[in-house]
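Taken in order, these protein sequences are the chains called A and L.
Here the first sequence is numbered in my numbering, starting from 1 and rising by one per residue.
Here the second sequence is numbered in my numbering, starting from 1 and rising by one per residue.
Glycine included, every Cβ here is placed at the ideal spot set by N, Cα and C.
This report concerns only the one structure given below.
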Amino acid sequence: MSDAKIELRNVHKRFGSKVVLDGINLTVPKGQSLVVIGGSGTGKSVMIKCVLGIIRPDRGEIFVDGKNVLKMDSGQREAVLRKFGMLFQGAALFDSLAVWENVAFGLIQGRRMKRKAAKDIAIEKLAKVGLGPEVGELYPAELSGGMQKRVGLARAIAADPEIIFFDEPTTGLDPITADVINELIVDRVKDLGATTLSITHDMSSVRKIADRVAMIYKGKIIWEGPRDRIDDSGNDYVDQFIHGRAEGPIGMDVLKP
Amino acid sequence: MNFLAIIGRVVLALLAEIGRLSLFIWQSVSHIFRPPFFWRLVAQQMMRIGYFSLPVVALTAFFTGGALALQIYYGGNEFNSESIVATIVALGITRELGPVLGGLMVAGRVSAAIAAELGTMRVTEQIDALTTLSTNPYKYLVVPRVVAAVLTLPLLVFVADIIGIMGGFVVGTTTLDFNAGVYIKNTVDFLKFDDVMSGLIKAGVFGFIIAIMGCFHGFHSKGGAQGVGRATTNAVVSASILILAANYVMTSLLFAN
Numbered sequence: 001m002s003d004a005k006i007e008l009r010n011v012h013k014r015f016g017s018k019v020v021l022d023g024i025n026l027t028v029p030k031g032q033s034l035v036v037i038g039g040s041g042t043g044k045s046v047m048i049k050c051v052l053g054i055i056r057p058d059r060g061e062i063f064v065d066g067k068n069v070l071k072m073d074s075g076q077r078e079a080v081l082r083k084f085g086m087l088f089q090g091a092a093l094f095d096s097l098a099v100w101e102n103v104a105f106g107l108i109q110g111r112r113m114k115r116k117a118a119k120d121i122a123i124e125k126l127a128k129v130g131l132g133p134e135v136g137e138l139y140p141a142e143l144s145g146g147m148q149k150r151v152g153l154a155r156a157i158a159a160d161p162e163i164i165f166f167d168e169p170t171t172g173l174d175p176i177t178a179d180v181i182n183e184l185i186v187d188r189v190k191d192l193g194a195t196t197l198s199i200t201h202d203m204s205s206v207r208k209i210a211d212r213v214a215m216i217y218k219g220k221i222i223w224e225g226p227r228d229r230i231d232d233s234g235n236d237y238v239d240q241f242i243h244g245r246a247e248g249p250i251g252m253d254v255l256k257p
Numbered sequence: 001m002n003f004l005a006i007i008g009r010v011v012l013a014l015l016a017e018i019g020r021l022s023l024f025i026w027q028s029v030s031h032i033f034r035p036p037f038f039w040r041l042v043a044q045q046m047m048r049i050g051y052f053s054l055p056v057v058a059l060t061a062f063f064t065g066g067a068l069a070l071q072i073y074y075g076g077n078e079f080n081s082e083s084i085v086a087t088i089v090a091l092g093i094t095r096e097l098g099p100v101l102g103g104l105m106v107a108g109r110v111s112a113a114i115a116a117e118l119g120t121m122r123v124t125e126q127i128d129a130l131t132t133l134s135t136n137p138y139k140y141l142v143v144p145r146v147v148a149a150v151l152t153l154p155l156l157v158f159v160a161d162i163i164g165i166m167g168g169f170v171v172g173t174t175t176l177d178f179n180a181g182v183y184i185k186n187t188v189d190f191l192k193f194d195d196v197m198s199g200l201i202k203a204g205v206f207g208f209i210i211a212i213m214g215c216f217h218g219f220h221s222k223g224g225a226q227g228v229g230r231a232t233t234n235a236v237v238s239a240s241i242l243i244l245a246a247n248y249v250m251t252s253l254l255f256a257n
């Protein structure tokens, strides 16, 4: 309990009549990397957004450093949010701002840092994801998908967060670029000693970045264990997922011809 | 029975939407008066909403003033039309047509642009990204647009008043062969400070409607390109209707005695 950085207890969320989270229980130990796997539409993104406070769950408790974030006022919440960094699925870069301003955004707007000092940090963080200072002057639309992800990663680590969330960090990238991003994630997280929570359905990403793996299915965590155990989890759902079989206990709502 | 169910569903949906809008307005307005303030963004939005709307509003006002002068002349040429045309153009433009037509033109231009921009930011998770970078999206996106619109719309309408009256003057002195000096004298003699002021107050309210409807529909857009398109349409339609309705209410209040 004491070494839990993030803890979700019995978190429920429904949109209209559709139950998305059906009693999630999940603990991310301090300094560890937990990867949540699961198919599309199983509530992975909603779960992360609940922790960030972007979506408010209907029921349940969410603890960050032992404090219930759902019972905080907006000032306390903002203080907690400063511990977070997040890499979004589509990178979610602000396309009206230059790359360096994107990276420095949290420092300038959120922390009221001077633009000059923030730019220096932004250039330094860009270097850490393998991008030169000249990239800082470009705009997000001028970058390839892999470079946008790198900039998104630089932005996520810019304020030296204690906790980083990765939302499908390799989706939409070719296998080589995906591997580069995975390695960058592992290295940068090690630098910071950060706790991370990732969601993905890319198994090579899981094998690279995870300490522990949890599987979400129909709004519940159905299996959790260390990375080395996923191949002999003894769980049919996990087996079907990691081998990518159409046949198995996870029925896809597909009309057979 | 089925018919009643349909009515019930429509009423419920309408009430839910009004509730969402009220909450949105409350959130936005409360953030106007709480630091931090983004002055740079306000200035930037004033340029985009105010300055770049000048050509559209000026042309609208010019042709409206001219058409108004013709209509009054054709409709009432048995009387001493020279003084009546000048007076009615001045009153009509400053009290009603300047603010209403100016407001509608800006609604088409600015509400749509705001809804499209914020809608795209919503569906690409840029608004969520703001939250994770310790920046409140209401403060960063909504407040600058609302403040800029409320401040610049009266200025725009003031320009529209001048150009609209000028439109009447040009048509009056060329097509209708009025004496220029008499036209100006009639305008100045009959136009009171209250006439102009009432139009400018209306303009401020219209500015609020334009920005809020653009932001509201943009913020709540979902479902990719189609969703953004729908948000844009809804923003323009609802802003235009609300402007016309608010205009009626304000006319009945401002000119009650």
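Whose C-beta lies closer than 6 Å to the C-beta of residue i among residues of the same chain, with five residues either side of it excluded?
i	result
Q45(L)	P144, R145 and A148
I164(A)	G85, A156, A194 and T196
S198(A)	V35 and F166
S154(L)	Contrary to the premise, residue 154(L) reads as Pro rather than Ser in this sequence. If we look at P154(L) and ignore the five residues flanking it on each side, its Cβ neighbours are L200, A203 and G204.
K5(A)	V28, K30 and T195
V99(A)	V135, G136, L138 and V151
L176(L)	Y73
G108(L)	V236
Return helix, strand or coil for residue i, following the three-state DSSP convention.
i	result
H220(L)	coil
I221(A)	strand
N10(A)	strand
V150(L)	helix
D65(A)	coil
D259(A)	Any question about residue 259(A) goes unanswered here, given that chain A covers just 1 to 257.
I216(A)	strand
L81(A)	helix
K114(A)	coil
V129(A)	coil
R34(L)	coil
I250(A)	coil
K202(L)	helix
S17(A)	coil
M72(A)	coil
Report yes or no: is there a C-beta of chain L within less than 9 Å of the C-beta of residue i?
i	result
D231(A)	no
G172(A)	no
F63(A)	no
F166(A)	no
Can the beta-carbon of residue i be found less than 9 Å from the beta-carbon of residue j?
i	j	result
G102(L)	V57(L)	yes
G214(L)	L118(L)	yes
T235(L)	A115(L)	It should be pointed out that residue 235(L) corresponds to Ala in this sequence rather than to Thr. Yes, the Cβ-Cβ distance between A235(L) and A115(L) is below 9 Å.
L70(A)	E61(A)	yes
L191(L)	L91(L)	yes
G16(A)	G219(A)	no
R150(A)	V129(A)	yes
L97(L)	G50(L)	no
F206(L)	V42(L)	no
F24(L)	F219(L)	yes
T132(L)	L81(A)	yes
Q240(A)	G234(A)	no
T171(A)	N182(A)	no
G244(A)	M203(A)	yes
V167(L)	L54(L)	It is worth fixing the name first, because residue 167(L) is Gly in this sequence and not Val. For G167(L) and L54(L), no; Cβs fall outside 9 Å.
E162(A)	K83(A)	yes
R207(A)	R188(A)	no
Taking CB distances under 9 Å as the criterion, tell me whether residue i reaches chain A.
i	result
Y140(L)	yes
P36(L)	yes
T135(L)	yes
With a threshold of 7 Å on Cβ separation, who are the neighbours of residue i within its own chain once the five nearest residues in sequence on each side are excluded?
i	result
A104(A)	A118, K119, I121, A122 and A158
Y138(L)	Q27, S28 and H31
Once the 5 residues before and after residue i are set aside, which same chain residues still bring their CB inside 8 Å of it?
i	result
F88(A)	G152 and D167
L242(L)	I209 and M213
Under 7 Å (Cβ pairs) to chain L, residues found in the stretch 135 to 159 of chain A: Shown here is that no member of the stretch 135 to 159 of chain A has a Cβ falling below 7 Å from a Cβ of chain L.
Cβ-based contacts, 8 Å cut-off: residues of the stretch 76 to 94 of chain A near chain L: The residues in question are E78, L81, R82, F84, G85, M86, F88, Q89, G90, A92, L93 and F94.
May I ask you to list, following chain order, the residues of the stretch 38 to 56 of chain A that have a beta carbon less than 8 Å from some beta carbon of chain L? Listed in sequence order: K49, L52, G53 and I54.
Closer than 7 Å, Cβ to any Cβ of chain A: which residues of the stretch 114 to 133 of chain L, in chain order? Cβ contacts with chain A: T124, E125, Q126, D128, A129, T131, T132 and L133.
Would you list, in chain order, the members of the stretch 159 to 175 of chain L that have their beta-carbon closer than 9 Å to a beta-carbon of chain A? Closer than 9 Å at the C-beta level to chain A, one finds no residue of the stretch 159 to 175 of chain L.
Output needed in chain order: residues of the stretch 101 to 119 of chain A with a Cβ under 8 Å from some Cβ in chain L. For the stretch 101 to 119 of chain A, the beta-carbon criterion of a distance under 8 Å to any beta-carbon of chain L is satisfied by F105, G106, Q109, G110, R111 and R112.
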